[in-house]
Amino acid sequence: MTQMTPSEAFVETLVANGVTDVFGIVGSAFMDALDLFPSAGIRFIPVVHEQGAGHMADGYARASGRHGVCLAQNGPGITNFVTAIAAAYWAHSPVVMITPESGTMTMGLGGFQETDQLPIFSQITKYQGHVNNPRRMAEITGRCFDRAMLEMGPAQLNIPRDYLYGAADYEIPEPIRIERGPGGPKSLDAAATLLAGAKFPVIVAGGGIVMADGTEPAVALAEQLGAPVVTSYLHNDSFPASHPLWCGPLGYQGSKAGMKLIAQADVVLALGTRLGPFGTLPQHGMDYWPKDAKIIQIDADPKMLGLVKKISVGICGDAAAAAHALSERLANRPLAGSASREQRLDRVRREKAEWEKELGAWTQETDPYSRQVIEEGKSLMHPRQMLRELERALPKDAMVSTDIGNICSVSNSYLRFERPKSMFAAMSFGNCGYAFPAIIGAKAAAPERPAVAYVGDGAWTMSFGEIMTCLREKLPVTAVVFNNRQWGAEKKNQVDFYAHRFLGTDLENPSFAAIARAMGAEGQVIERLGDVGPALEAGCRAQRDGKTTILEMMLTRELGDPFRRDALAKPKRMLDKYAATSVAEPGR
Ligand SMILES: Cc1ncc(C[n+]2csc(CCOP(=O)(O)OP(=O)(O)O)c2C)c(N)n1
Ligand SMILES: [Mg+2]
Numbered sequence: 015m016t017q018m019t020p021s022e023a024f025v026e027t028l029v030a031n032g033v034t035d036v037f038g039i040v041g042s043a044f045m046d047a048l049d050l051f052p053s054a055g056i057r058f059i060p061v062v063h064e065q066g067a068g069h070m071a072d073g074y075a076r077a078s079g080r081h082g083v084c085l086a087q088n089g090p091g092i093t094n095f096v097t098a099i100a101a102a103y104w105a106h107s108p109v110v111m112i113t114p115e116s117g118t119m120t121m122g123l124g125g126f127q128e129t130d131q132l133p134i135f136s137q138i139t140k141y142q143g144h145v146n147n148p149r150r151m152a153e154i155t156g157r158c159f160d161r162a163m164l165e166m167g168p169a170q171l172n173i174p175r176d177y178l179y180g181a182a183d184y185e186i187p188e189p190i191r192i193e194r195g196p197g198g199p200k201s202l203d204a205a206a207t208l209l210a211g212a213k214f215p216v217i218v219a220g221g222g223i224v225m226a227d228g229t230e231p232a233v234a235l236a237e238q239l240g241a242p243v244v245t246s247y248l249h250n251d252s253f254p255a256s257h258p259l260w261c262g263p264l265g266y267q268g269s270k271a272g273m274k275l276i277a278q279a280d281v282v283l284a285l286g287t288r289l290g291p292f293g294t295l296p297q298h299g300m301d302y303w304p305k306d307a308k309i310i311q312i313d314a315d316p317k318m319l320g321l322v323k324k325i326s327v328g329i330c331g332d333a334a335a336a337a338h339a340l341s342e343r344l345a346n347r348p349l350a351g352s353a354s355r356e357q358r359l360d361r362v363r364r365e366k367a368e369w370e371k372e373l374g375a376w377t378q379e380t381d382p383y384s385r386q387v388i389e390e391g392k393s394l395m396h397p398r399q400m401l402r403e404l405e406r407a408l409p410k411d412a413m414v415s416t417d418i419g420n421i422c423s424v425s426n427s428y429l430r431f432e433r434p435k436s437m438f439a440a441m442s443f444g445n446c447g448y449a450f451p452a453i454i455g456a457k458a459a460a461p462e463r464p465a466v467a468y469v470g471d472g473a474w475t476m477s478f479g480e481i482m483t484c485l486r487e488k489l490p491v492t493a494v495v496f497n498n499r500q501w502g503a504e505k506k507n508q509v510d511f512y513a514h515r516f517l518g519t520d521l522e523n524p525s526f527a528a529i530a531r532a533m534g535a536e537g538q539v540i541e542r543l544g545d546v547g548p549a550l551e552a553g554c555r556a557q558r559d560g561k562t563t564i565l566e567m568m569l570t571r572e573l574g575d576p577f578r579r580d581a582l583a584k585p586k587r588m589l590d591k592y593a594a595t596s597v598a599e600p601g602r
């Protein structure tokens, strides 16, 4: 036990947990602790908006596999965190959000910047620690860091602001890091038996592999089984794209090859994935999920096992350790799939070649609305062609974040990676405005890697203020802004279901490149396909000189398939007043 102030105990506990970077906006509530950061070796990274700080902490955590930390002023600073923490929750990011609250002597009196900060986050955190006595500062701070890592999700550390002052005896707790094992031997045995008997095994590689850095055991198991591997929705970095067994991503705007192959499976090994419902919806007109296949699901969170899809075997374990344990069990065991291995590999080659050919020829959308707007914007680039150029020009070790939008979604087919912790999509929370701050956080964690954000123009207007953070804090990134002058993903619903009644979906944009330049970044308007790749390469190179580049891509208004065909219906109206809006087809 050492006597210190609670601020010191708090900061010492951050140090014990290896914290070197904290994102936030300064506030009186925590100034006494902030004042210690430089001496503790902690960098405070001031941002433009607390939502940005939360997303940066998320990107930082996902790129590094360590905690991302964010901190803000009680009341409004904390409520600004909400969206980012909800996003981190669904991205399984170990974000520790530090929320100083009103002082204990005025709490409940409706003083300044007061709100009850725990209920707000109760459904979007894995753990909430409240420092109910200043003498428990180190203990509860440490527990938040432990729980964020143990449960892979956000933890909240709520501190009445007056509890940072005073003095007490503290012991700084050692971080508790629990090693994850491969799962129970009985379930592993059962899984091995199913896999050994499989004639057409297919692996779904999920975020669990990314988090466990489990490429090697996943590749070894796939090779042993001769199993095609599809990546789960928005985890395109869970299996190396150059591997012959890689078949591309499942889900919205994913790989037809992967979908056609998984449709053949008699046994599916869901390796580190919760099999989220959105990620396995029918696509490209194909209801590809193999309903009669036996499913083995491996997830570190037992609550995910069998939650969405009916499973034959559930394994609560680390994806990498479980893959390794299954390989051991399958060694020297006859595999029913061996006889057809070559046929299967041949099928993989054929399906992939066919899909690549189709994708290469799919230069533009061909639905009537898209044809019309292509005609109106003849000098503009087609999104798919631009995405292909970006794909070709991306440096091998690049990290890419993607936002929520039509073009970002279409990019799913054109994003391939060789190593985990390379793709940071706005996951199931699906909030616009995610990608840019997330990539800034990733860059802070991995400054040596090129960092690229894909962002629609609508989402860009929510987030571009953080250009200032890039410049002030020397966190250089490249943002590719898809300027199609519309909230495209939502407009697509009005095209398909509301007879082109475009309400709130057209955008009038200023020049984003000019704004970027005015802010002190590099800004470039790209109008020709031939300029896309060189501009991206130059932007990534410029990061080495500390430069942030905004590439404004001038695109037609064509739109790919919608997000939620499953969740919309043609309009039905009962009142005469609204009869005109019951029309669902344009021109009728
Ligand atoms: C914070 C937030 N607000 C609204 C939405 C609903 N939404 C989903 S996609 C989308 C349109 C995105 O437009 P843009 O960023 O321009 O990309 P585009 O679809 O045009 O490619 C909107 C508004 C959302 N997902 N998140
Ligand atoms: Mg747009």
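Going by our numbering, the residue at position 440 of the sequence shown is 454; the numbering climbs one at a time, nothing skipped. In this text, a Cβ means the ideal position worked out from N, Cα and C, and glycines have one as well.
Shorter than 7 Å, the distance from the beta carbon of residue i to the closest heavy atom of ligand 1, or not?
| i | result |
| --- | --- |
| residue 504 | yes |
| residue 496 | yes |
| residue 72 | no |
| residue 446 | yes |
| residue 84 | no |
| residue 422 | yes |
Does ligand 2 have even one heavy atom less than 7 Å from the beta-carbon of residue i?
| i | result |
| --- | --- |
| residue 604 | In this structure the chain extends from 15 to 602, so residue 604 is not present and cannot be described. |
| residue 471 | yes |
| residue 272 | no |
| residue 267 | no |
| residue 500 | yes |
| residue 419 | yes |
Are the Cβ atoms of residue i and residue j separated by less than 8 Å?
| i | j | result |
| --- | --- | --- |
| residue 359 | residue 211 | no |
| residue 423 | residue 73 | no |
| residue 1 | residue 48 | It is not possible to answer for residue 1, since the shown part of the chain is limited to 15 through 602. |
| residue 454 | residue 489 | yes |
| residue 169 | residue 175 | no |
| residue 247 | residue 290 | yes |
| residue 43 | residue 69 | no |
| residue 491 | residue 435 | no |
| residue 496 | residue 598 | no |
| residue 263 | residue 426 | yes |
| residue 116 | residue 76 | no |
| residue 395 | residue 259 | no |
| residue 163 | residue 249 | no |
| residue 618 | residue 226 | No answer is possible for residue 618: it lies beyond the span of the chain, which begins at 15 and ends at 602. |
Does DSSP put residue i in a helix, a strand or coil?
| i | result |
| --- | --- |
| residue 29 | helix |
| residue 72 | helix |
| residue 154 | helix |
| residue 338 | helix |
| residue 172 | strand |
| residue 292 | helix |
| residue 590 | helix |
| residue 482 | helix |
| residue 413 | strand |
| residue 446 | coil |
| residue 115 | strand |
| residue 260 | strand |
| residue 497 | strand |
Within the same chain, show all residues whose beta-carbon is closer than 7 Å to that of residue i, passing over the 5 residues directly before and after it, in chain order.
| i | result |
| --- | --- |
| residue 148 | 20, 177, 180, 182 |
| residue 194 | 314, 331, 332, 335 |
| residue 373 | 427 |
| residue 255 | 430, 431, 432 |
Only counting the same chain, and skipping five residues up and downstream in sequence, which positions put a Cβ closer than 6 Å to that of residue i?
| i | result |
| --- | --- |
| residue 217 | 236, 241, 243, 283, 285 |
| residue 539 | 527, 566 |
| residue 498 | 569, 571 |
| residue 303 | 294 |
Quick one: residues in its chain with C-beta nearer than 8 Å to the C-beta of residue i, no 5 flanking neighbours on either side, listed in chain order?
| i | result |
| --- | --- |
| residue 633 | Residue 633 lies beyond the range of the chain shown here (15 to 602); nothing can be said about it. |
| residue 61 | 37, 38, 39, 67, 70, 451, 480, 483 |
Does the structure place the stretch 513-525 close enough to the stretch 388-408 that three or more beta carbon pairs sit under 8 Å?
no
Per the contact definition of three or more C-beta pairs closer than 8 Å, is the stretch 552-564 in contact with the stretch 574-592?
no
Does the contact criterion of 3 or more C-beta pairs under 8 Å hold for the stretch 500-516 versus the stretch 474-486?
no
Contact between the stretch 125-141 and the stretch 90-98: three or more CB pairs below 8 Å?
yes
Decide if the stretch 453-467 is in contact with the stretch 401-414; the criterion is three or more beta carbon pairs, one per stretch, under 8 Å apart.
yes
Does the stretch 23-35 come close enough to the stretch 445-452 to have 3 or more Cβ pairs within less than 8 Å?
no
Assess, as a yes-or-no matter, whether the stretch 362-375 is touched by the stretch 267-274 under the definition of 3 or more beta carbon pairs within less than 8 Å.
yes
Is the stretch 189-208 touching the stretch 316-327 in the sense that three or more CB pairs, one from each, lie closer than 8 Å?
yes
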